[in-house]
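**Q** Chains U and Y, in that order, give the protein sequences.
Taking this note's numbering, the leading residue of the first sequence gets 658, the next gets one more, and so forth.
Taking this note's numbering, the leading residue of the second sequence gets 658, the next gets one more, and so forth.
A virtual CB, placed ideally from N, CA and C, is assigned to each residue, including glycine.
Everything numeric in this text was worked out from a predicted model, so none of it was measured.
Questions regarding the structure given below will be posed in turn.
There are 2 protein chains.
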Amino acid sequence: MKAKIVITPKKAVLDPQGKTVQAALEQMGYEGVTDVHVGKYLEVDLEGDDAEAWKPKIEEACHKLFSNPVIEDYEFTIE
Amino acid sequence: MKAKIVITPKKAVLDPQGKTVQAALEQMGYEGVTDVHVGKYLEVDLEGDDAEAWKPKIEEACHKLFSNPVIEDYEFTIE
Numbered sequence: 658m659k660a661k662i663v664i665t666p667k668k669a670v671l672d673p674q675g676k677t678v679q680a681a682l683e684q685m686g687y688e689g690v691t692d693v694h695v696g697k698y699l700e701v702d703l704e705g706d707d708a709e710a711w712k713p714k715i716e717e718a719c720h721k722l723f724s725n726p727v728i729e730d731y732e733f734t735i736e
Numbered sequence: 658m659k660a661k662i663v664i665t666p667k668k669a670v671l672d673p674q675g676k677t678v679q680a681a682l683e684q685m686g687y688e689g690v691t692d693v694h695v696g697k698y699l700e701v702d703l704e705g706d707d708a709e710a711w712k713p714k715i716e717e718a719c720h721k722l723f724s725n726p727v728i729e730d731y732e733f734t735i736e
């Protein structure tokens, strides 16, 4: 079983990496890109097949280890 | 419209960041985590609503700018 976790900067937080990528895209001639956000992606391989039992553990790990909840949002799926 | 891009290290490539996260999870008492992969996530806001027209452009940007195709895989959705 696998947990797929996406961590993104909160909308109110400056995202200099995203702005840099957006500027690079413009310089490369891509038109029509209005915004870019850069975040992290984690894939966690899990033993067993009880997604419901893993859910609170992954939630806690997201909060404590994977993300900084002050400036980042996270969401995950377990499948 | 929005492109959501996930970039992960290829399976054959060492992923020291993933190993570090896995070790941290073990130390924090999480049992049953067999592997962790750490990658990047990008959200690109796009003008218009023609997903098919954007597809080759995003594919190209993934290859040239977002990822290092020698050591990373990418996949994306446009919605």
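Residues of chain Y with CB closer than 9 Å to the CB of U:H694, please, in chain order.
**A** The contacting residues are Y698, L699, E700, V701 and D702.
**Q** Name the chain U residues whose beta carbon is nearer than 7 Å to that of Y:A718?
**A** Per Cβ cutoff of 7 Å: L682 and Y687.
**Q** Quick one: list the residues of chain A neighbouring Y:T734, beta-carbon separation under 9 Å, in chain order.
**A** Any reference to chain A falls outside this structure, whose protein chains are U and Y.
**Q** For Y:A660, name the three-state secondary structure that DSSP assigns.
**A** Of the three classes helix, strand and coil, the one that applies to Y:A660 here is strand, per DSSP.
**Q** Below 8 Å between beta carbons: does that hold for U:G695 and U:V670?
**A** The residue you asked about is not Gly; residue 695 of chain U is Val in the sequence shown. Against a cut-off of 8 Å, the Cβ pair of U:V670 and U:V695 comes out as no contact.
**Q** Just to confirm before moving on: does the CB-CB distance between U:K668 and Y:Y698 stay below 8 Å?
**A** No, the Cβ-Cβ distance between U:K668 and Y:Y698 is not below 8 Å.
**Q** Please give me, in chain order, every unbroken run of the alpha helix (DSSP H) with length at least 4 that falls completely inside the region 663-714 of chain Y.
**A** Segments of the alpha helix (DSSP H) lying fully in the region 663-714 of chain Y: 673-684.
**Q** Taking the C-alpha atoms as reference points, what is the distance between Y:I715 and Y:A660?
**A** Rounded to the nearest angstrom, the two C-alpha atoms are 8 Å apart.
**Q** Output yes if chain U places a C-beta closer than 8 Å to the C-beta of Y:P671; else output no.
**A** It should be noted that the sequence gives Leu, not Pro, for residue 671 of chain Y. Chain U contact via Cβ: absent.
**Q** Measuring only the C-alpha atoms, how far is Y:E683 from U:I735?
**A** Going by the C-alpha atoms only, they are around 19 Å apart.
**Q** Helix, strand or coil for Y:E717 per DSSP?
**A** Helix at Y:E717.
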